[in-house]
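Counted from 1, the sequence shown has number 92 at position 92 by full-length UniProt numbering; the numbering is strictly sequential. Glycine included, each C-beta is placed from N, C-alpha and C at the ideal position.
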Amino acid sequence: MTGLCGPSFLRRIEADASRERGSRTSAATGGRPQSVGGTDRVTFSTQGKTAPAARSGDVRLGLLADHLAYHLRRAQDASFQAFASLVDRADLSPGHFTILTIIGENPGLNQTALSQATGRDKSTLTPALKTLEQQGAITRTRSEIDRRAFLLKLTPAGEDYLAQLTVHAHQHGRWLDEVVGEFNKPLLIHLLEQIAEKLPTAS
1 MTGLCGPSFL RRIEADASRE RGSRTSAATG GRPQSVGGTD RVTFSTQGKT
51 APAARSGDVR LGLLADHLAY HLRRAQDASF QAFASLVDRA DLSPGHFTIL
101 TIIGENPGLN QTALSQATGR DKSTLTPALK TLEQQGAITR TRSEIDRRAF
151 LLKLTPAGED YLAQLTVHAH QHGRWLDEVV GEFNKPLLIH LLEQIAEKLP
201 TAS
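Written out as structure tokens, the structure reads:
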């Protein structure tokens with residue numbers, strides 16, 4: 001496994017991503033070629049037109065070209081946007097779908113356990129739970145054992161809502177599988193788990 005986690009694998013992923021970005025840019029501009037200034041640059045457009053920038057319309061990425069956090073964030077944003085394109089409600093995010101799924105699989109779990117499972121802290125998790133509660137998707141009741149803790153469950157409406165979203169999630173997953181590939185998927189999941197588990201945290 002260690003050998004497969006090396007630079008060659010990451011370069012292969014980045015090369016695949018670069019080709020995909022190129023095909024999307026070509027499609028978005030009607031097949032017109034876009035200038036590319038090298039592996040440390042990326043072209044961008046605004047409202048379908050190439051935006052003016054220094055160096056022939058290219059933006060230098062500098063150290064970001066090899067900075068994993070930058071590419072992780074871009075991948076996350078692309079994944080979220082792809083999921084949002086399948087959902088016909090603007091008030092639902094992929095994060096909400098994750099919360100609903102975990103609550104559905106673990107009815108009665110508390111917010112602390114949910115926070116650990118989702119990797120979200122209280123400052124972002126609590127507002128999301130309040131939104132879902134206001135939408136009638138979940139209930140939050142105080143624990144009889146620990147009055148400071150809230151126990152979470154899906155409502156019947158929340159269960160129906162989750163069932164509909166799961167259909168979209170399967171399509172979203174197929175898109176990701178097509179990009180990553182069957183061979184790379186287990187390794188990529190392993191690498192992402194290592195990042196989530198081993199990086200230092202503020203707490």
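Residue i vs residue j beta-carbon contact at 7 Å
i	j	result
Glu133	Arg140	yes
His172	Phe83	yes
Leu192	Val180	no
His168	Leu86	yes
Ala137	Gly119	no
Separation of residue j from residue i, as counted between CA atoms
i	j	result
Ala202	Leu162	32 Å
His96	Ala128	7 Å
Asn106	Leu63	42 Å
Ile102	Asp58	42 Å
Gln81	Asp121	22 Å
Leu154	Gln111	14 Å
His71	Leu176	15 Å
Pro94	His67	25 Å
Leu125	Thr98	11 Å
Asp88	Asp160	15 Å
Ser79	Thr131	22 Å
Beta bridge counterpart(s) of residue i as assigned by DSSP
i	result
Leu154	Ile138
Asp88	Bridge partners of Asp88: none, in fact.
residue 206	Missing from the structure shown is residue 206; the chain here goes from 1 to 203 and no further.
Whole-angstrom C-beta distance between residue j and residue i, which should lie under 8 Å
i	j	result
Leu152	Leu114	6 Å
Chain D contact for residue i (CB, 7 Å cutoff)
i	result
Val167	No chain D is present in this structure, which holds just one protein chain.
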